[in-house]
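Number 145 in our numbering belongs to position 140 of the sequence shown; there are no gaps in the numbering.
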Amino acid sequence: MPPIPGSGLAKGLAVTLRTMTKKTVTAQYPDVQPELPPRSRGVIALFEENCTVCMLCARECPDWCIYIDSHKETVPAAAPGGRERSRNVLDRFAIDFSLCMYCGICIEVCPFDALFWSPEFEYAETDILDLTHERDKLRDWMWTVPEPPALDPHAEEPKEIAAARKTADKLRAQQEQQAQQAQEAQQAQEAAAQPDAAQADAAQPDAAQPDAAEPDAEEGKA
Numbered sequence: 006m007p008p009i010p011g012s013g014l015a016k017g018l019a020v021t022l023r024t025m026t027k028k029t030v031t032a033q034y035p036d037v038q039p040e041l042p043p044r045s046r047g048v049i050a051l052f053e054e055n056c057t058v059c060m061l062c063a064r065e066c067p068d069w070c071i072y073i074d075s076h077k078e079t080v081p082a083a084a085p086g087g088r089e090r091s092r093n094v095l096d097r098f099a100i101d102f103s104l105c106m107y108c109g110i111c112i113e114v115c116p117f118d119a120l121f122w123s124p125e126f127e128y129a130e131t132d133i134l135d136l137t138h139e140r141d142k143l144r145d146w147m148w149t150v151p152e153p154p155a156l157d158p159h160a161e162e163p164k165e166i167a168a169a170r171k172t173a174d175k176l177r178a179q180q181e182q183q184a185q186q187a188q189e190a191q192q193a194q195e196a197a198a199q200p201d202a203a204q205a206d207a208a209q210p211d212a213a214q215p216d217a218a219e220p221d222a223e224e225g226k227a
């Protein structure tokens, strides 16, 4: 069926009329902060406690805008006769946001969950050189990372949470067992102390007999 002549114009005028009847709302930024969606790609935050300096993020970055420096330290053996280990210590972690194209590859490839998306967007600078932010600034942005969405109630429980709950239940069972053993030991001590108390009570009348015989002796003298 061929379109009716002028139907496109009529649809456009209908949209215009609907828009004209709506109240205009002006976002009062920066006095009022905008409501951003939870998955906004603002900046990349660093949780440096999880970083192992594996360099995967720097190698996979298409723009080569991630700069990482580190050194190795020797960790003494945990037990006598054990072997010393060496570990990487993070010295510098910087991201040049003047080159970053916000692809998120670094966050995806990080195997230890050290990088996160933050909705923070107020980081403009007057000098392009100041857009290279060091790890201190990236660490501060971690506090702006929103909480992950709740899991599906029918989804399988994460293995980390299940392992943590199993460990907590085992520790709680050990504590209850220790408390029960301590209570049984205390009851045994109280039970062992009861015969001694009974013997002490039985010995008290024998000690009082000489006092009871004294009046009879006095009567005989009289």
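We put the beta carbon where it would ideally sit given N, CA and C, even for glycine.
task: Taking F121 as the reference, give the member of L143, L22 and H159 with the closest Cα.
output: By one-based count along the sequence shown, residue 121 stands at place 116. The candidate whose alpha carbon is nearest that of F121 is L143.
Closest residue to D101 among V48, R177 and A119 (Cα-Cα distance): Counting from 1 along the sequence shown, the entry for residue 101 is found at position 96. The candidate whose alpha carbon is nearest that of D101 is V48.
query: What separation, rounded to the nearest whole angstrom, lies between the Cα atoms of W146 and E125?
result: The count along the sequence shown starts at 1 and reaches residue 146 at position 141. The count along the sequence shown starts at 1 and reaches residue 125 at position 120. Approximately 7 Å between the Cα atoms of the pair.
message: Taking the alpha carbon of R46 as the reference point, which residue from D96, T149 and T137 has its own alpha carbon closest?
response: Working through the sequence shown from its first residue, we reach residue 46 at position 41. The option with the nearest alpha carbon to R46 is T149.
task: Just confirm the distance between the C-beta atoms of E65 and I110, as a whole number of angstroms; I'd bet it's less than 8 Å.
output: On the sequence shown, residue 65 is found 60 positions in, with the first residue counted as 1. On the sequence shown, residue 110 is found 105 positions in, with the first residue counted as 1. Confirmed, about 5 Å.
message: My assumption, with CB atoms under 8 Å, is that I73 sits in contact with V58. Please give the rounded CB distance.
response: Residue 73 sits at position 68 when you count from the first residue of the sequence shown. Residue 58 sits at position 53 when you count from the first residue of the sequence shown. Going by Cβ atoms, the distance from I73 to V58 rounds to 6 Å, so yes, they are a contact pair.
- prompt: What are the uninterrupted segments assigned as alpha helix (DSSP H) that are 4 or more residues long and contained completely in the region 36–76, given in chain order?
  reply: 61–65
field: Range covered by the beta strand (DSSP E) that runs through R90
entry: Locating residue 90 in the sequence shown gives position 85, where the first residue counts as 1. Start and end: R90 to D101.
- prompt: Would you call I71 buried or exposed, if buried means 16 or more other Cβ atoms sit within 10 Å of its Cβ?
  reply: For the purposes of this step, residue 71 is taken as the residue at position 66 of the sequence shown. By the 10 Å Cβ count, I71 comes out buried.
message: Considering only the alpha carbon of each residue, which of H76, E130 and C105 lies closest to S91?
response: Numbered from 1 along the sequence shown, position 86 holds the residue referred to as residue 91. Taking the Cα of S91 as reference, the smallest distance to any Cα among H76, E130 and C105 is reached at H76.
Per-residue burial, H138 [other beta carbons within 10 Å of its own, 16 or more giving buried]: In the sequence shown, counting from the first residue as 1, residue 138 sits at position 133. Buried, by the Cβ-count rule.
query: Based on the DSSP secondary-structure assignment, which residues constitute the bridge partners of T137?
result: In the sequence shown, counting from the first residue as 1, residue 137 sits at position 132. Looking at the DSSP assignment, T137 forms a beta bridge with D101.
field: Reduced DSSP secondary structure (H/G/I, E/B, other) of V30
entry: As a first step, residue 30 must be located in the sequence shown, where it is residue number 25. In this structure, V30 counts as coil in the three-state DSSP scheme.
- request: Could you tell me the distance, in whole angstroms, from the CA atom of Q194 to the CA atom of A184?
  value: One-based indexing of the sequence shown puts residue 194 at position 189. One-based indexing of the sequence shown puts residue 184 at position 179. Using only the alpha carbons, I get a separation of about 15 Å.
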